[in-house]
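Participant: Residues 7 to 299, numbered by our numbering, are exactly what the sequence shown covers, in order. Glycine included, every Cβ here is placed at the ideal spot set by N, Cα and C.
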Amino acid sequence: MSITIKGLSHYYPNGKKALNDINLEIPSGMFGLLGPNGAGKSTLMRILVTLMEPSEGEIDVCGYDIRTQRKEVRRILGYLPQDFRFFAKYKVREFLDYAAALTGMTNSSQRSKAVDAMLEQVGLYEVRDRYAQNLSGGMKRRLGIAQALIHNPKVLVVDEPTTGLDPEERIRFRNLLSEASSKDTTIILSTHIVGDISSSCADMAMLNQGHVMFTGSPADMLKETEGKVWRLKVNNEQYADINQKYAVISTIPDGLGWDIQVVAKSLPGYDAVSYPPNLEHAYVYFMEVKDKD
Ligand SMILES: Nc1ncnc2c1ncn2[C@@H]1O[C@H](COP(=O)(O)OP(=O)(O)O)[C@@H](O)[C@H]1O
Ligand SMILES: [Mg+2]
7 MSITIKGLSH YYPNGKKALN DINLEIPSGM FGLLGPNGAG KSTLMRILVT
57 LMEPSEGEID VCGYDIRTQR KEVRRILGYL PQDFRFFAKY KVREFLDYAA
107 ALTGMTNSSQ RSKAVDAMLE QVGLYEVRDR YAQNLSGGMK RRLGIAQALI
157 HNPKVLVVDE PTTGLDPEER IRFRNLLSEA SSKDTTIILS THIVGDISSS
207 CADMAMLNQG HVMFTGSPAD MLKETEGKVW RLKVNNEQYA DINQKYAVIS
257 TIPDGLGWDI QVVAKSLPGY DAVSYPPNLE HAYVYFMEVK DKD
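#1: Going along the chain, which residues of its own chain have a beta-carbon closer than 7 Å to the beta-carbon of residue 30, five neighbours each way excluded?
#2: Please determine whether the Cβ atom of residue 22 lies at a distance below 7 Å from any heavy atom of ligand 2.
#3: Considering Cα atoms alone, identify which of 243, 232, 249 is closest to residue 271.
#4: Three or more C-beta pairs under 8 Å: does that hold for the region 72 to 82 against the region 188 to 199?
#5: Residue 83 lies in the beta strand (DSSP E); which residues open and close that run?
#6: Closer than 8 Å is the cut-off here; do at least three beta carbon pairs connect the region 38 to 52 with the region 161 to 177?
#7: Measuring CA to CA, which of 183, 215, 156, 88 is closest to residue 205?
#8: Between the Cα of residue 236 and the Cα atoms of 228, 226, 283, 209, which residue gives the shortest distance?
#9: Please specify which runs of the alpha helix (DSSP H), each continuous and at least 4 residues long, are wholly inside the region 31 to 62, giving them in chain order.
#10: May I ask you to report which of helix, strand or coil DSSP gives residue 258?
#11: Kindly examine ligand 1 and report whether one of its heavy atoms sits closer than 7 Å to the Cβ of residue 43.
#12: Please report how far the alpha carbon of residue 261 lies from the alpha carbon of residue 137, in whole angstroms.
#13: Would you tell me roughly how many angstroms separate the C-alpha atoms of residue 53 and residue 195, rounded to the nearest one?
#14: By how many angstroms is the C-alpha of residue 56 removed from the C-alpha of residue 66?
#15: Alpha carbon to alpha carbon, how far is residue 257 from residue 41?
#16: Along the chain, where does the beta strand (DSSP E) containing residue 192 start, and where does it finish?
#17: Which runs of the beta strand (DSSP E) fall wholly inside the region 107 to 192 and span at least 3 residues, in chain order?
#18: Taking 7 Å as the cut-off, is the C-beta of residue 88 nearer than that to any heavy atom in ligand 2?
#19: If residue 101 and residue 147 are in contact, beta carbons under 8 Å, what's the gap, nearest whole angstrom?
#20: Any chance the CB of residue 48 is under 7 Å from a heavy atom of ligand 1?
#21: Compute every distance between the C-beta of residue 18 and the non-hydrogen atoms of ligand 1, then say whether any falls below 7 Å.
#22: Throw me the rounded Cβ distance for the residue 128 and residue 9 pair, which I believe falls under 8 Å.
#23: For residue 290, which residues in the same chain have their Cβ closer than 7 Å to its Cβ, ignoring the five residues on either side in sequence?
#24: Taking the DSSP output, what are the residues bridged to residue 287?
#25: Output the boundary residues of the alpha helix (DSSP H) element that contains residue 227.
#26: For ligand 2, is there a heavy atom less than 7 Å away from the beta-carbon of residue 172?
#27: May I have the straight-line CA-CA distance separating residue 22 from residue 37, to the nearest angstrom?
#28: Look at residue 209 and residue 19 and say whether their C-beta atoms are less than 8 Å apart.
#29: Which of the three DSSP states is assigned to residue 97 in this structure?
#30: In whole angstroms, give me the CA-to-CA distance for residue 247 and residue 296.
#31: Please state whether DSSP places residue 14 in a helix, a strand or coil.
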């Protein structure tokens with residue numbers, strides 16, 4: 007169960023090139039798509055779920071061609087869009103029942119059972135009679151996942167589901183996704199939050215301005231960043247110089263100067279000690295440092 011993306015590019019009608027020759031192999035399990043705003047994450051996801059046809063390239067989803075076998079692809083897909091909203095008239099349970107009916111569950115007693123089981127799974131059974139619109143942000147996101155999972159999809163695509171959630175809800179949401187992932191399911195999670203990836207995804211890709219900057223495991227990403235993080239004490243003048251040339255990622259006042267951390271290939275002329283990287287450092291390295299001299 008995997009997804010293969012070859013030579014994928016996408017231009018919007020206004021000429022904006024949102025994706026530029028993307029090549030990716032997405033295995034089963036949790037896959038993280040990390041990148042800042044405007045990187046192309048939503049564009050890639052909308053193409054994957056067949057809402058948009060790509061300008062160029064090929065995508066195979068579990069053996070189905072995204073261009074010629076849309077119906078088959080849709081049948082095995084669940085999708086939670088970035089801007090998911092609920093109609094005012096639906097209560098939680100009604101909404102999920104409606105979503106289930108849309109996926110072709112026509113037997114109403116079977117559907118009812120599936121809906122209740124899903125509400126239990128995402129922790130919303132107690133609030134089943136509330137209007138969906140009035141749920142908290144975290145609950146809305148969980149109901150969004152419930153509608154995406156109701157037909158047991160092989161591939162689940164979730165676009166920035168943790169944005170705006172408080173830390174507790176974020177953790178709860180990530181655990182919910184981890185529970186839903188298995189050998190036979192692929193979950194693609196997009197996020198601009200490094201912590202979402204490090205704590206749940208075995209494989210990942212980093213996207214920036216339509217380009218894949220890195221693909222591999224979070225551990226591989228850390229490994230490539232080893233020896234690129236520096237810690238040093240500087241005076242004001244040195245600080246100004248370093249800040250102009252390098253990516254400064256932490257600044258703490260220290261006497262009359264500063265105790266700083268910098269991501270750079272090297273820091274010639276400065277007496278810096280190498281510092282063990284974390285994923286935030288790695289993110290900065292791949293985004294801002296690696297491809298520059
Ligand atoms: N409908 C559209 N028309 C023109 N440009 C768009 C459209 N949607 C997105 N873009 C542009 O494409 C790029 C990628 O956008 P998007 O895929 O939404 O990125 P992300 O989800 O990573 O924030 C951005 O520069 C964005 O402004
Ligand atoms: Mg987006």
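Facilitator: By the coordinates alone:
#1: 11, 211, 218, 221
#2: no
#3: 232
#4: no
#5: 83 to 86
#6: yes
#7: 183
#8: 283
#9: 47 to 54
#10: strand
#11: yes
#12: 56 Å
#13: 15 Å
#14: 12 Å
#15: 24 Å
#16: 192 to 197
#17: 161 to 165
#18: yes
#19: About 14 Å; that fails the 8 Å criterion.
#20: yes
#21: yes
#22: About 25 Å; that fails the 8 Å criterion.
#23: 253, 255, 269
#24: Note: residue 287 sits in no beta bridge, so no partner.
#25: 224 to 231
#26: no
#27: 26 Å
#28: no
#29: strand
#30: 20 Å
#31: strand
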